[in-house]
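Student: Here the protein sequences come in this chain order: A and B.
So in my numbering, spot 242 of the first sequence is number 285, and the numbers just go up one at a time.
So in my numbering, spot 32 of the second sequence is number 75, and the numbers just go up one at a time.
All C-beta atoms in this analysis are idealised placements derived from N, C-alpha and C, irrespective of residue type, glycine included.
Take this structure, written in structure tokens, and hold onto it; I'll ask about it next.
Protein chains: 2
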Amino acid sequence: MSEANFVNDEESARPADEARGPGRRLHGAIAHKLGTAILSGKYAPGDILSGEVAFAEELQVSRSAYREAIQVLTAKGLVASRPKAGTRVLPRDRWNLLDPEVLGWAFAGEPDIEFVRSLFELRAIVEPAAARLAAQRRDKNDLKVMKDALAAMRRHTLTTEAGRAADRDFHNAILQATRNDALLVLSASIGAAVNWTTQFKQRARALPRNPIPDHVRVYDAIAAGDAAGAAEAMNVLVDLALEDTRSAMELPVGGE
Amino acid sequence: MSEANFVNDEESARPADEARGPGRRLHGAIAHKLGTAILSGKYAPGDILSGEVAFAEELQVSRSAYREAIQVLTAKGLVASRPKAGTRVLPRDRWNLLDPEVLGWAFAGEPDIEFVRSLFELRAIVEPAAARLAAQRRDKNDLKVMKDALAAMRRHTLTTEAGRAADRDFHNAILQATRNDALLVLSASIGAAVNWTTQFKQRARALPRNPIPDHVRVYDAIAAGDAAGAAEAMNVLVDLALEDTRSAMELPVGGE
DNA sequence: CGCTCGGAATATGTCGGAGTAAATAGGGAG
DNA sequence: CTCCCTATTTACTCCGACATATTCCGAGCG
């Protein structure tokens, strides 16, 4: 129906250089620009973003556009505004790091290694438990989605974007099968970690293991309703991914 | 520097006692009103919020105020707006349920039992693992914060707001000690679940166990650096809280 | 009778200005 | 010399108007 693609995900995809023109979602572009600047450390916590008028003039946009962007950042816990005091960057523990858009900003430039480590620890904690719940609660449709994702992973390799998307879909289907809304919100964070794994391994030219069999083991346990087996299989999968990524991270990022 | 306490958050610290008070900014009040309406199910996913002008007239505010509120909801993934098509409520899996403000909206009215269950499952998954990491990484300051929180829990009972705040502080300190930013973001969600536990048990007049000894066991294990013991002790703590809440939830909410 | 193209209506996105609250600096009193 | 009160400056918050993009509907054509 027409409601299917109502959500336009391609917002904030273009830089703000064309701010003057009839761009779409001007404040989205500003928010992207400021968000990446904050996440990359260009603005440190406690720093002040000089006033509305200064920024609006610098970016050649009206104050409203800048203001709406600030509103977005405020809603995500990145900044706080007060009269006379200006807009300040909040300390990191206020940031909503699991917000999909914030994650995108974090991975837009060179993501912080410590943050990637945090994400992998989150995976190692959440995904085995999620696989356990999924084994108990999955229905036929969940299994079909997982099976299709596995097939897509086999068809395209992990070297293609389609393959990585299938990988994310597989992990997402497990979270969906837990019937837990709070866990489902983590899908963006876990997807980012999964994506980072494959992309990083590819960059480091270290693709020592074929991850498909490990995924199949997880699927089989979930399909069989084997909760303990699913948790253990997922544990193995995450541990291997963590190990590969950790060994790859020791090397300098730019291999060439 | 003197910039330390710039973040006087009088909006995220209070749970829901000042729900109707327009103490915040105007657009914040609108966002609260609309957010609670969406979270309570008054607006179902896919529903359209009639145009800006209609709402602005209905609420007796200007379009900008309404618009900024919509911007906040959009940033939290609750709604999406397109020209001519109006503003629609997104499906639940897009909502950022772990956002502190969204959580506050969810608990403002009668929270959904299924959602509370999801939050408790999240606790059961994350907190033992967090205690394990905390036992390995905590420093003296972390232990001091936990000890102070325990003392405050003893001084005030769980029946007072101060006591509940101390309870949340204790669990928060554990997350802080994990040195994991991704886990730290979950503090709001876990704090909401913790708060709900004590408040609900109080309402149901079922306070069968003194939770302090369980907390002390967790603290001792973390202080001793006993990772496995900390995880197990936290496991017991969460299981008991879950059991108590589950048995209380069977009863009708209004005990009188 | 069905499809396509074009115009009009409508809701969103954007802009600049007025009002208000807060922090700082300066002056006066103790 | 120190402390408190007040006035000014500053920057956010709110408001109404304009521009623009998208959708719906109708007319014309095949």
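Looking at the structure shown, is B/Ser124 part of a helix, part of a strand, or coil, going by DSSP?
Tutor: The count along the second sequence starts at 1 and reaches residue 124 of chain B at position 81. When DSSP states are grouped into helix, strand and coil, B/Ser124 belongs to the strand group.
Student: Got a sec: is the Cβ-Cβ distance from B/Lys85 to anything in chain A below 7 Å?
Tutor: In the second sequence, counting from the first residue as 1, residue 85 of chain B sits at position 42. No, B/Lys85 lies away from the interface with chain A (no Cβ there is under 7 Å from its Cβ).
Student: Report the start-end ranges of each beta strand (DSSP E) in the stretch 117 to 191 of chain B that is 3 residues or longer and not cut off at the edges.
Tutor: 122 to 125 and 129 to 132
Student: Based on the DSSP output, what are the partners of B/Leu92 in its beta bridges?
Tutor: The residue labelled residue 92 of chain B in the question sits at position 49 within the second sequence. For B/Leu92, which the question treats as bridged, DSSP gives the partners B/Thr130.
Student: Measure the C-alpha to C-alpha separation of A/Ala118 and B/Val115 and round it to an integer number of angstroms.
Tutor: The residue you call residue 118 of chain A lines up with position 75 of the first sequence. The residue you call residue 115 of chain B lines up with position 72 of the second sequence. Rounded to whole angstroms, A/Ala118 to B/Val115 spans 6 Å at the Cα level.
Student: Just to confirm the assignment, what range does the alpha helix (DSSP H) spanning A/Gly84 have?
Tutor: Translated into the one-based positions of the first sequence, residue 84 of chain A becomes position 41. Element bounds for A/Gly84: n/a, residue is neither H nor E.
Student: Quick one: Cα of B/Leu201 to Cα of A/Thr203, how far?
Tutor: As a first step, residue 201 of chain B is located in the second sequence; it is residue number 158 there, counting from the start. As a first step, residue 203 of chain A is located in the first sequence; it is residue number 160 there, counting from the start. The alpha-carbon atoms of B/Leu201 and A/Thr203 are separated by roughly 54 Å.
Student: Is any beta-carbon of chain B found at less than 7 Å from that of A/Asp224?
Tutor: Reading the first sequence from its first residue, position 181 is the one you call residue 224 of chain A. Closer than 7 Å to some Cβ of chain B, the Cβ of A/Asp224 qualifies, so yes.
Student: Check whether the stretch 148 to 155 of chain A touches the stretch 65 to 85 of chain A, taking contact to mean three or more Cβ pairs, one atom from each stretch, closer than 8 Å.
Tutor: A contact exists between the stretch 148 to 155 of chain A and the stretch 65 to 85 of chain A.
Student: How big is the Cα-Cα spacing for A/Ile168 and A/Leu229?
Tutor: Along the first sequence, one-based indexing puts residue 168 of chain A at 125. Along the first sequence, one-based indexing puts residue 229 of chain A at 186. Taking the straight line from one Cα to the other gives about 12 Å.
Student: Quick check on the burial criterion: 16 or more other C-beta atoms within 10 angstroms. Buried or exposed for B/Gly120?
Tutor: Residue mapping note: residue 120 of chain B aligns to position 77 of the second sequence, counting from 1. Buried, because 16 or more other Cβ atoms sit within 10 Å of the Cβ of B/Gly120.
Student: Determine whether the Cβ of B/Ser93 lies closer than 7 Å to any Cβ atom of chain A.
Tutor: To locate residue 93 of chain B, count along the second sequence from 1; it is residue 50. Not a single CB atom of chain A sits nearer than 7 Å to the CB of B/Ser93.
Student: Sorted by chain position, which residues of the same chain lie with C-beta nearer than 7 Å to B/Asn139's C-beta, five sequence neighbours on each side aside?
Tutor: The residue given as residue 139 of chain B occupies position 96 in the second sequence. When the five nearest sequence neighbours on each side are left out, the beta carbons in the same chain lying within less than 7 Å of the beta carbon of B/Asn139 are those of Lys119, Gly120 and Val145, in order along the chain.
Student: Of all the options A/Ala177, A/Leu82, A/Tyr109 and A/Ala87, which has the alpha carbon lying nearest to the alpha carbon of A/Gly94?
Tutor: The sequence position of residue 94 of chain A within the first sequence is 51, counting from 1. Here the closest residue by C-alpha is A/Tyr109.
Student: State the DSSP-derived secondary structure class of B/Val279, mapped to helix, strand or coil.
Tutor: As a position in the second sequence, residue 279 of chain B is number 236, starting the count at 1. Reduced to three states, the DSSP call for B/Val279 is helix.
Student: Compare the Cα-Cα distances from A/Ala220 to each of A/Ala97, A/Arg180, A/Thr130 and A/Ala276 and report the closest residue.
Tutor: The residue you call residue 220 of chain A lines up with position 177 of the first sequence. It is A/Arg180 whose Cα lies nearest to the Cα of A/Ala220.
Student: Which bits of chain A does B/Gln179 rub up against, with CB to CB less than 9 Å?
Tutor: Here the question's residue 179 of chain B lines up with position 136 in the second sequence. Near B/Gln179 there are no residues of chain A at all, since even the closest Cβ is about 12 Å away, more than 9 Å.
Student: Could you name the residues of the same chain whose beta carbon sits closer than 6 Å to that of B/Gly234, not counting the 5 residues immediately before and after it, in chain order?
Tutor: By 1-based counting over the second sequence, the position of residue 234 of chain B is 191. Cβ neighbours of B/Gly234 beyond the five flanking positions: Arg211.
Student: Determine the extent of the alpha helix (DSSP H) in which B/Asp224 is found, giving its start and end residues.
Tutor: Taking the second sequence and counting its residues from 1, the one referred to as residue 224 of chain B is at position 181. Unbroken alpha helix (DSSP H) run through B/Asp224: Asp224 to Leu227.
Student: Using DSSP with H/G/I as helix, E/B as strand and the rest coil, what is B/Gln103?
Tutor: Residue numbering aside, residue 103 of chain B sits at position 60 when the second sequence is read from its first letter. Looking at B/Gln103 - three-state DSSP - the assignment turns out to be coil, as it is neither helix nor strand.
Student: What whole-angstrom Cβ distance do A/Ala97 and A/Val132 have, given they're in contact under 8 Å?
Tutor: Taking the first sequence and counting its residues from 1, one reaches residue 97 of chain A at position 54. Taking the first sequence and counting its residues from 1, one reaches residue 132 of chain A at position 89. About 16 Å separates the two Cβ atoms, so there is no contact after all.
Student: For B/Leu69, which residues from the same chain have a beta carbon less than 7 Å from its beta carbon, with the 5 sequence-adjacent residues on both sides left out?
Tutor: Start at 1 with the first residue of the second sequence, and residue 69 of chain B comes out as number 26. Only Val104 and Ala108 meet the Cβ criterion.
Student: Establish whether the CB of B/Asn139 and some CB of chain A are separated by less than 7 Å.
Tutor: The sequence position of residue 139 of chain B within the second sequence is 96, counting from 1. Output row for B/Asn139: interface = yes.
Student: Does DSSP put A/Leu77 in a helix, in a strand, or in coil?
Tutor: Sequence index remark: in the first sequence, residue 77 of chain A carries index 34 (1-based). Here A/Leu77 sits in helix by DSSP.
Student: Output needed in chain order: residues of the stretch 267 to 289 of chain B with a Cβ under 9 Å from some Cβ in chain A.
Tutor: none
Student: In this structure, how does DSSP classify B/His199 when only helix, strand and coil are distinguished?
Tutor: The residue labelled residue 199 of chain B in the question sits at position 156 within the second sequence. Reduced to three states, the DSSP call for B/His199 is coil.
Student: Starting from B/Gly206 and walking both ways along the alpha helix (DSSP H), at which residues does that stretch end?
Tutor: Position 163 of the second sequence, counted from the first residue, corresponds to residue 206 of chain B. Residues Glu204 to Ala220.
Student: Take A/Ala225 and list the residues in its own chain whose beta-carbon comes closer than 6 Å to its own, dropping the five residues that flank it on each side.
Tutor: By 1-based counting over the first sequence, the position of residue 225 of chain A is 182. Excluding positions up to five away in sequence, the list is empty.
Student: Under 6 Å Cβ to Cβ from B/Ser290, same chain only, skipping five residues before and after it: list those, please.
Tutor: Against the second sequence, residue 290 of chain B aligns to sequence position 247. The answer is none, since no qualifying residue turns up.
Student: Nearest-angstrom Cα distance between B/Ile113 and B/Leu283?
Tutor: Numbered from 1 along the second sequence, position 70 holds the residue referred to as residue 113 of chain B. Numbered from 1 along the second sequence, position 240 holds the residue referred to as residue 283 of chain B. The alpha-carbon atoms of B/Ile113 and B/Leu283 are separated by roughly 40 Å.
Student: In chain B, which residues lie with their C-beta within 8 Å of the C-beta of A/Phe33?
Tutor: Chain A is shown only over 44 to 299; residue 33 of chain A falls outside these bounds and no answer can be derived.
Student: Using a Cβ-Cβ cut-off of 7 Å, state whether B/Met162 counts as contacting chain A.
Tutor: The residue given as residue 162 of chain B occupies position 119 in the second sequence. It should be noted that the sequence gives Leu, not Met, for residue 162 of chain B. Interface residue, yes.
Student: Could you tell me the distance, in whole angstroms, from the CA atom of B/Lys85 to the CA atom of A/Leu193?
Tutor: The residue you call residue 85 of chain B lines up with position 42 of the second sequence. The residue you call residue 193 of chain A lines up with position 150 of the first sequence. So the alpha carbons of these two residues sit roughly 39 Å apart.
Student: Could you check how far apart the C-beta atoms of B/His258 and B/Leu227 are, in whole angstroms? I think they sit under 8 Å.
Tutor: Counting from 1 along the second sequence, the entry for residue 258 of chain B is found at position 215. Counting from 1 along the second sequence, the entry for residue 227 of chain B is found at position 184. Their Cβ separation, rounded to whole angstroms, is 20 Å, which puts B/His258 and B/Leu227 out of contact at 8 Å.
Student: Could you tell me which chain B residues have their CB closer than 7 Å to the CB of A/Leu77, listed as they occur along the chain?
Tutor: Indexing the first sequence from 1 puts residue 77 of chain A at position 34. What A/Leu77 touches in chain B: nothing, since even the nearest Cβ is about 13 Å away.
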